[in-house]
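Chains as they are written, first to last, in my numbering: chain B, 1 to 257; chain U, 1001 to 1283.
C-beta: ideal position from N, C-alpha, C; glycine also.
What follows is one structure encoded as structure tokens, with my remarks underneath.
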């Protein structure tokens, strides 16, 4: 589904189907994800939105007994093809998970890890990039004096911003957020949302959320999924004021969910 | 009211069980110390036995036990961690893995004297290592391997899946994830398995009976292919053979006390190593 021909398309999904064994999780999904915009996926639990998100950085490859069909073009290259280099895709498409998942290492090591596994040896470069990433994730001021203490000592909200910084350090083009505020308090949630609005200047962002107000606040485009199908995809402002499908209207008004 | 009485009874029974356990532990230590302390002197710790073991020291046995324990850990640790990584991280789940798991569990139930015979047949005779520290270490390594594997596997399993995902999502390969994230996180738990194995390896007599230990030796082992005295076997020999039982019994208790101390010493080293790792990676 394309709704704006003016925008540059970063990811183009065409007729995607996804199966967990026999269960058909995503049905004939076609959608365009626009460059340097925030696209939100909403819908009730089990509608396939997280599954689609995890297709974008090939995390579903880790789940045994799954199957994907269709084409998923990332800058014109089909990443569902068998010979796609998983590692290089994951460098371009970063991910922030539902629960903060810092490594049991120091704050510094957490951020530097992505660079080290990609073969960066230059210590000064790493130090510089750690600082830059923490600044971009609005965490630098809070942690600059304790970079070499355990990341597990940070609060939940700080841990989630650390995970964002860790993801920024490898300079991805796209960042996936899988319900990033599900385990955070309102103030931390607010900070993450502000951060997302800041980050969209430089990155293409896809966010899955259960919180409709959050989708309304942070996204430019919203996709509503139900039972594995894309029901409606539109500019967020349009969808939240005049939804075209009755199903969307029911969901947005809280009739089911 | 009824609930309170049942809680009181439950707690009382638990407390009594703990007191009984502590009583046994304390009496073992007291008995060994009371009977063995008189035998221990600087000479006892540092010199070789003289006059058919009734005088002199047991230094070759202390050294021998130390070599056997360290040798068996050095062999069993890499093997055990590798097996655990294979089972937990790489192997396709299914029939084969169940068979491997079952075999390892069965291995843990094999009596130690059977391991001794296996060591004699394979390491001493087939590979031609002879009765030696090498054969003994290899045999002890087989003995402690199952517990190292299961301790390693349990601590690998305890590493949350979410941090593996985090690593993979950053573009790390599975191998980088295992080496840099999963293993360091699991290491304290693996070390706990090692600590338990140290006591086992140091104390077992049957596996070294035919593979490494000698009753009496007037010099220190010089190479891994030398046979050696070892504390548990020395205790056994003192209590069952020889011509001066009156003097030998006291020496046997002295040896027991030293054996406890050796296990404690090596374990303490492993515990310090574990705590150092814990503080680096967790706090």
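Assigned with DSSP and collapsed to three states, residue 1090/U falls in helix. The alpha-carbon separation between residue 183/B and residue 99/B amounts to approximately 6 Å. C-alpha of residue 1124/U to C-alpha of residue 1134/U: approximately 9 Å in a straight line. With contacts defined by Cβ atoms closer than 7 Å, residue 1155/U and residue 1201/U do not form a contacting pair. Proximity to residue 195/B across 210/B, 162/B, 225/B peaks at 162/B, based on C-alpha coordinates. Residue 34/B is bridged by DSSP to 9/B. The beta carbon of residue 1044/U sits closer than 7 Å to those of 1057, 1058, 1254, all from its chain and outside the five residues before and after it, given in chain order. When the Cα atoms are used, residue 1146/U and residue 1085/U turn out to be separated by approximately 14 Å. Only buried fits residue 1204/U, as 16 or more other CB atoms lie within 10 angstroms of its CB.
Secondary structure of residue 210/B (DSSP, three-state): coil. At least 7 Å separates the CB of residue 156/B from every CB of chain U. For the segment 56-83 of chain B, residues whose beta-carbon sits nearer than 8 Å to a beta-carbon of chain U comprise 57, 59, 62, 64.
For residue 189/B, the enclosing alpha helix (DSSP H) begins and ends at 186-199.
Spatial neighbours of residue 1020/U in its own chain (CB-CB distance under 6 Å, excluding positions within 5 residues in sequence) are not present. Contact between residue 1264/U and residue 62/B fails: their C-beta atoms lie close to 44 Å from each other, not under 8 Å. The Cβ of residue 1181/U sits closer than 7 Å to at least one Cβ of chain B. Only residues of its own chain outside the window of five on either side were considered, and among them 1198, 1201, 1202, 1266 have a CB closer than 7 Å to the CB of residue 1069/U, listed in chain order. Using a CB distance cut-off of 7 Å, residue 1174/U does not count as an interface residue toward chain B. A direct Cα-Cα distance of roughly 16 Å separates residue 1004/U from residue 1015/U. In the DSSP assignment, residue 1179/U falls outside any beta strand (DSSP E), carrying neither H nor E. Counting the other CB atoms within 10 Å of its CB gives residue 128/B a total below 16, which places it among the exposed residues.
Residue contact with chain B for residue 1185/U: present (Cβ-Cβ distance below 7 Å to some residue of chain B).
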